[in-house]
Amino acid sequence: MILDKLGWFGKPPPGDCRKIILHYHLFKNAGSSIDHILRENFGEGRWHSEEFPRPTNTAAILTGRSNAQLVQDWLAGHPEVLVLSSHTAVMPLPKLPATRVFPIIMVRNPVIRLQSSYLFQRKRFESGFHNRTTTLAGQNDLAGYLRGLLEMKRQSMARNFSSVRLAAAVPGSPDRLRQRAFKALKLLPFVGVVELFDQSMHALERWLAPHFPGFQVLPAWQNASDRSSESLSDRLAGIREAIGGDLYRELLAANRIDLDIHRAASREIVRAAGTQMS
23 MILDKLGWFG
33 KPPPGDCRKI
43 ILHYHLFKNA
53 GSSIDHILRE
63 NFGEGRWHSE
73 EFPRPTNTAA
83 ILTGRSNAQL
93 VQDWLAGHPE
103 VLVLSSHTAV
113 MPLPKLPATR
123 VFPIIMVRNP
133 VIRLQSSYLF
143 QRKRFESGFH
153 NRTTTLAGQN
163 DLAGYLRGLL
173 EMKRQSMARN
183 FSSVRLAAAV
193 PGSPDRLRQR
203 AFKALKLLPF
213 VGVVELFDQS
223 MHALERWLAP
233 HFPGFQVLPA
243 WQNASDRSSE
253 SLSDRLAGIR
263 EAIGGDLYRE
273 LLAANRIDLD
283 IHRAASREIV
293 RAAGTQMS
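Numbering-wise, the sequence shown is residues 23 to 300 according to this note's numbering.
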């Protein structure tokens, strides 16, 4: 069960140790809401946001040519930081002397995440922020945006985005993405689910409170426009209608591992929530 897992891939350090919460803030996976919770609990002085050079492509993430060492070095050089949140930090987890790391990562239905990404990038384009992906969103409808992302075959923006970042937590061949992502899901102590946000936050509180006395999850959803009242099935049906059946099937095929990870993580969160409410 998710709440019984260790906060490290092995035994935690004996005796007193430094404790660090590391929030891997994946794009459009409710990260702003998580950060709000963490800031409310620990304050701006102990919560910190830092960005690192982005890995150049998916292969770099899956072969360890990312920024994990930079993240580890940064934490070593900032002993005052209790919570680090980063959009760009990539696993594996930092290994520091006498330190226990508490990683937070959220997953989301990949099709819904991409729709949310499109709406967000269009707003950024309209506000004057122009780069490759904001321009793609600003100059296309949803179907055009998705086709453009799918054509970027060396990137994972529309290809098992969450699974690639989970897989980075454990060593292995880049060709074994599914096995590595599921192994990470099994080993990581907390993988929340955006569509089960409230249950995920209850699980997060139950996990962190014994280690950080007083930790409490407060109402925190920060992007109200992104929390649709529609059911997941209705939202997916609307996306399929908007982009057409052929592109929708291509999108599902490109994100098959993410879809399976999302289902498995959802089952885990439901079990954790059922246990703590029994």
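Using N, Cα and C, we set each Cβ at its ideal position, and we do this for glycine too.
{"Item": "At least 3 beta-carbon pairs within less than 8 Å: the region 129-137 vs the region 66-78", "Value": "no"}
{"Item": "Cα-Cα separation between residue 247 and residue 120, rounded to whole angstroms", "Value": "Interpretation of residue 247 is limited by its pLDDT of 47, a score under 50 that renders its predicted location unreliable; the figure taken from the coordinates is listed afterwards. Answer to the nearest angstrom: the Cα atoms are 42 Å apart."}
{"Item": "Residue 107, enclosing alpha helix (DSSP H) - first and last residue", "Value": "Taken as a continuous stretch (DSSP letters only), residue 107 belongs to no alpha helix (DSSP H), being part of the beta strand (DSSP E) at 105-108."}
{"Item": "Every unbroken alpha helix (DSSP H) inside the region 71-125 [4 residues or more]", "Value": "80-84, 90-98"}
{"Item": "Whole-Å CB distance - residue 98 paired with residue 74, under 8 Å assumed", "Value": "Their Cβ separation, rounded to whole angstroms, is 14 Å, which puts residue 98 and residue 74 out of contact at 8 Å."}
{"Item": "Coil, strand or helix - residue 174 by DSSP", "Value": "coil"}
{"Item": "One or two residues paired with residue 213 in a DSSP bridge", "Value": "127"}
{"Item": "Any 3 or more C-beta pairs closer than 8 Å across the region 82-90 and the region 45-58", "Value": "no"}
{"Item": "For residue 187, the three-state DSSP class (helix, strand or coil)", "Value": "helix"}
{"Item": "Same chain, Cβ closer than 7 Å to residue 272, neighbours up to 5 away in sequence not counted", "Value": "172"}
{"Item": "Between the CA atoms of residue 207 and residue 191 - distance to the nearest angstrom", "Value": "9 Å"}
{"Item": "Limits of the unbroken alpha helix (DSSP H) element including residue 145", "Value": "132-148"}
{"Item": "Continuous beta strand (DSSP E) stretch holding residue 45: start and end", "Value": "40-46"}
{"Item": "Neighbourhood of residue 287 by C-beta, 8 Å cutoff - its chain only, sequence neighbours within 5 removed", "Value": "129, 207, 213, 214, 215"}
{"Item": "Segment contact, 8 Å Cβ cut-off, at least three pairs: the region 132-150 with the region 100-114", "Value": "no"}
{"Item": "Beta-carbon gap between residue 50 and residue 138 smaller than 8 Å", "Value": "yes"}
{"Item": "Beta-bridge pairing of residue 69 - partner residues as DSSP gives them", "Value": "105"}
{"Item": "Element boundaries [alpha helix (DSSP H), containing residue 276]", "Value": "267-276"}
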